[in-house]
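Numbering (UniProt numbering), first residue to last: 1 to 1062.
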């Protein structure tokens, strides 16, 4: 009974484990915390991130780390107010999100002890364009929404709004367009958001470090300077531009060489920046001072220098004008500005020696002044922000947000990359320690002995960079030691020292290149080996002004400028003191004389110090202070990733993400897991997976014991916790290979049995094939017989149907022929095609009659009487046809005859007969009206009579005001007159010739020769017509009267009408 229950329980556990394994097999993208994966490897991590990104899930937890992949598009509702409220109010576990990370941090802070608050730090890192700055904005918006200051808003800007307005202001002065990101932060910042004891935002304090100063004076192609310069040039009004003498970005050396001049025109960024400055309490006058400093930097860049007669002077009148404008904006004497740039004061033996600078040195001092003014201005803005929004007295705890560059490795790596990678090494050290704590906590919960596990760290790399490995100065200290040497000699000496000190001893973290070893050295970082080019290291490490430029700034009548620069220098020195937790000591000794305070005479006395604390030392001290703050707080990591280099949405480049994960330290997290027990499985899943190795095992402990004996491995290779089995990766691989071998053995056994079954089933298959063949053959014969019967039946039916159709068709053809005959007869009769005179008119009939009569006379003369008889019949038929075809004249003559008959009968009082004649007359008149008439057949006198009649009718219609009738009559009159012109008499033509001759003579006298040509052309036409009429008319009367034109004046020739006499 017990054995049966055990088997039932075992089968249920196996079924449950199988379902669990199948549910997670193809849905790794649904795992919110990848640290819970049984096998956390680089391949599985990337596969899961890719799947989640394809499903628009950009956030993923890896233990305490939140991975954020930039979607490069707007995901609806991802950062909405309702989403903030949902994450803030939810008590159960939420999906991975930056809001979930902030909720956990905020709750841990406010639920901590009142006397010892649990401060929180949010460490955001990633490449440029991965979304670090946007993530920082979202974090601050979340905290501003879920917390309130507790004060009413009576027209005063709330503290939360001031904290939020610090972001656009810092972006304007600290962000710029790069090749990878249009809004790249060119400085690191740690924003400490302060909370009071009630969990409300009390204030905020900003700590900035490593501002990219070289961008102020030079940029790469298709990059930009800091946003504020372009905002000022694009958004300032005309009055401000005229006051500061500003034009366009193309006119300034510090802006125009990048080839990119404008900001995206989405909104008025300049007004937003000025609004933020007003919000934090910067007055309008102080804003004008800020804009004057920005304009001075732009104009300063346009000044160039040349050496004339061994003296450095401005190279042109434009450069001189620029220096005068800069001097007026800085409120310093113009001569002092030019002298500070073109000369240098040296202190030798207590004497001051003035040394002329060359053009390159003057340009370097110009750029150093521009960088100092801008960096001091940026520090002053941060100080003003902290003065406005920081409330140390009300501070109880804080949540710090660190926005810092990610690890950088380019084809050409310089001093900036060394500092950035050094900061990432420090953070990675802190990250490794935190991840180790997470691993140790899980081992403790599961009851695992982890004392024998050894983890690697990057302490040796940090010691090489900032310490003294083996008692010898490291990289940064060695760089400070060459500060007195100038130019490439300092860099060469620095690299030579590194090669001789760490290259010979084969330091684990140092790389000595085999090519370009004079200026190149390498560091083995946690994310990979990086080769640095030391060219320019010493100059970048010593960027401060010399005494000449400091004295120039002190001469400014604008007291704000010297105080701003001095505050910047004092802030640098205070960083060093705070990092070492020491007060300022007048006799303190440093490796650099520049770091010591002047012994006597106060700070105004001239010293031999040329530079203040180095940039590397500043950064190390700032980083030390930052790490001190972070180490006192609970860290939470946000790793921002770029899915691709082209900013395309829904596209994830695997190789690119692996590289960023490596640079962000995620691979270190995987290595920490793999250095320990890299594979961990739930008891049931492990039992299901490896039961095949020991089938007789009843539970997990028996299985583990059996496999341990099989592999001869102890607790240092695997251990069993309370809920999971922990294995080293080497043991996991052995188990997988052993499981594969066992499965192969089982497969071979199954294959043997399968072959036996195949042979038994082969005979059955053959038998069934033969039986099927015989059945198919019989079925084919039956089908053939059936098809023959069906064919004969269908043939008989088709023939019968065909006979019926033929008979019906013949009958229809017979009927159709009859209908066609009837129709053709009707058409012939209708067209009267047999009528011999169809289409002949009166003239044609008269001519035919005349021809027949002549033919009868000829036949009669020849006594051909039969021909005469036939011709007489034709004549009679033609005469009958002629009687039916009448001309208009004949109709008019018949009408006249009927009128005469009607008058005669009326006179005889025969009214009945008169009525009959009148009816005939009316019908004939109606026929005459509809009868077509050829006007060309009318004689001249007939046309004249009709023209007179129509004129009378027109006069009568006009009298009756029947203008429409007048128009119709006028058309008829025009037609008659046109025909009448073609029927002129010889007398009329001669009169017209006379008229034209007269007009020709007059035109010749007035010498209008164009008109003469026209008249002569008309005269030729009329004379031609006159000749034709004379030819066809009867001979003239014997007495001919000559038509003589009047004598022409001037002796011109005179034309005479034909037949006339000169």
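Backbone N, C-alpha and C define an ideal beta-carbon position, used for all residues, glycine too.
Keep in mind the model is a prediction, meaning the values are calculated, not measured.
Neighbour-count burial assignment, residue i, 16 or more Cβ in a 10 Å radius
i: residue 613; result: buried
i: residue 783; result: exposed
i: residue 190; result: buried
i: residue 642; result: buried
i: residue 527; result: buried
i: residue 30; result: exposed
i: residue 506; result: exposed
i: residue 993; result: buried
i: residue 487; result: exposed
i: residue 1008; result: exposed
i: residue 142; result: buried
i: residue 353; result: exposed
i: residue 97; result: buried
i: residue 911; result: exposed
i: residue 465; result: buried
Bounding residues of the alpha helix (DSSP H) (the contiguous stretch that carries residue i)
i: residue 1063; result: As displayed, the chain neither begins before 1 nor continues past 1062, which places residue 1063 out of reach and without an answer.
i: residue 496; result: 488-498
i: residue 889; result: 888-907
i: residue 274; result: 269-279
i: residue 123; result: Where residue 123 is concerned, there is no enclosing alpha helix (DSSP H), although the beta strand (DSSP E) it sits in stretches over 120-126.
i: residue 144; result: 132-146
i: residue 389; result: 359-389
i: residue 986; result: 986-1005
i: residue 504; result: Taken as a continuous stretch (DSSP letters only), residue 504 belongs to no alpha helix (DSSP H), as it is neither H nor E.
i: residue 254; result: 253-256
Cutoff 6 Å; reference residue i; Cβ partners in own chain excluding five residues on either side
i: residue 137; result: 167
i: residue 405; result: 420
i: residue 163; result: 204, 389
i: residue 875; result: 852
i: residue 725; result: 681, 686
i: residue 94; result: 87, 100
Start and end residues, beta strand (DSSP E) containing residue i
i: residue 473; result: Note, residue 473: premise wrong, no beta strand (DSSP E); not H, not E.
i: residue 642; result: No beta strand (DSSP E) holds residue 642; DSSP gives it neither H nor E.
i: residue 727; result: 724-727
i: residue 345; result: 343-348
Same chain, Cβ closer than 8 Å to residue i, five either side skipped, listed in chain order
i: residue 914; result: 902, 905, 906
i: residue 245; result: 295, 299, 325
i: residue 270; result: 231, 232, 234, 235, 236
i: residue 329; result: 244, 292, 293, 295, 296, 299
i: residue 895; result: 921, 924, 925, 928
i: residue 460; result: 469, 507, 508, 509
Beta-ladder partner(s) of residue i, from DSSP
i: residue 511; result: 522
i: residue 311; result: 308
i: residue 226; result: 176
i: residue 397; result: 195
i: residue 532; result: 413, 521
i: residue 69; result: 641
i: residue 60; result: 67
i: residue 206; result: 191
i: residue 355; result: 344
i: residue 719; result: 726
i: residue 298; result: BP columns for residue 298 are empty, so no partner.
i: residue 485; result: Per DSSP, none; premise fails for residue 485.
Contact set for residue i: own chain, Cβ-Cβ below 7 Å, skip 5 residues either direction
i: residue 222; result: 179, 258, 259, 260
i: residue 306; result: 313, 315, 359
i: residue 117; result: 109, 396, 397
i: residue 332; result: 552, 555, 556
i: residue 931; result: 888, 891
i: residue 336; result: 552, 555
message: So, does the region 180-189 touch the region 208-221, judging by three or more C-beta pairs under 8 Å?
response: yes
- request: Would you be able to state if there are at least three C-beta pairs under 8 Å between the region 996-1010 and the region 958-976?
  value: no
message: Count Cβ pairs between the region 478-485 and the region 748-762 that sit closer than 8 Å; are there 3 or more?
response: no
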